[in-house]
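Counted from 1, the sequence shown has number 267 at position 71 by this note's numbering; the numbering is strictly sequential.
Every residue, glycine too, gets a C-beta built ideally from N, C-alpha and C.
Fair warning: this is a prediction, and the values are worked out from it, not measured in the lab.
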Amino acid sequence: MKKRAWIVFLDESGVSLLPQIRRTYAPRGRTPLLRHRLNWKRASMAGALGYHSTDPERGARLCFHLKPGSYDTTALIEALEQMKAFYRGERVVLVWDGLSAHWSRAMRAWVAEQDWLTLERLPALRPRAQSGGTAVVLTQET
Numbered sequence: 197m198k199k200r201a202w203i204v205f206l207d208e209s210g211v212s213l214l215p216q217i218r219r220t221y222a223p224r225g226r227t228p229l230l231r232h233r234l235n236w237k238r239a240s241m242a243g244a245l246g247y248h249s250t251d252p253e254r255g256a257r258l259c260f261h262l263k264p265g266s267y268d269t270t271a272l273i274e275a276l277e278q279m280k281a282f283y284r285g286e287r288v289v290l291v292w293d294g295l296s297a298h299w300s301r302a303m304r305a306w307v308a309e310q311d312w313l314t315l316e317r318l319p320a321l322r323p324r325a326q327s328g329g330t331a332v333v334l335t336q337e338t
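Right, here's the structure in full:
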């Protein structure tokens with residue numbers, strides 16, 4: 197049975213807002229002065245890439261969500277609410293990893309109330325190194 201739905205892959209990542217300066221250029225004899233506050237602020241970003249399952253002509257869709265700090269279940273539900281508006285009520289099959297916030301009781305209860313959203317879990321990756329000439333290739337064992 198074919199379903200008309202968007203297949204969306206979502207993942208989160210954290211970033212540090214400290215400058216990553218290692219070297220800089222300045223005129224000879226003048227040492228550059230770099231100033232910044234050494235407070236360790238963090239931000240997180242969730243990105244979602246979607247493809248329509250039955251209509252490739254619609255193209256890919258990319259959306260993202262930014263927030264200070266890190267993601268928990270409440271923040272992910274907020275991001276999914278925004279994703280619902282982005283997809284304008286169309287059906288979405290969301291594929292994501294095994295982060296505990298993705299599969300918490302609160303998340304499962306919220307998803308059960310959503311008629312537009314279906315969750316699928318990515319299988320755990322068990323990398324196995326194979327010699328591929330001069331490169332090492334990681335493959336997934338099933």
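Asked, Found
"Helix, strand or coil at Thr-314 [DSSP, three-state]", "strand"
"Helix, strand or coil at Ala-244 according to DSSP, with G and I counted as helix", "strand"
"Three-pair Cβ contact test at 8 Å for the stretch 276-292 versus the stretch 311-319", "yes"
"As assigned by DSSP and simplified to three states, the class of Ser-296", "helix"
"Rounded C-alpha distance that separates Arg-200 from Tyr-221", "55 Å"
"Identified DSSP bridge partners for Asp-207", "Gly-243"
"Coil, strand or helix - Leu-276 by DSSP", "helix"
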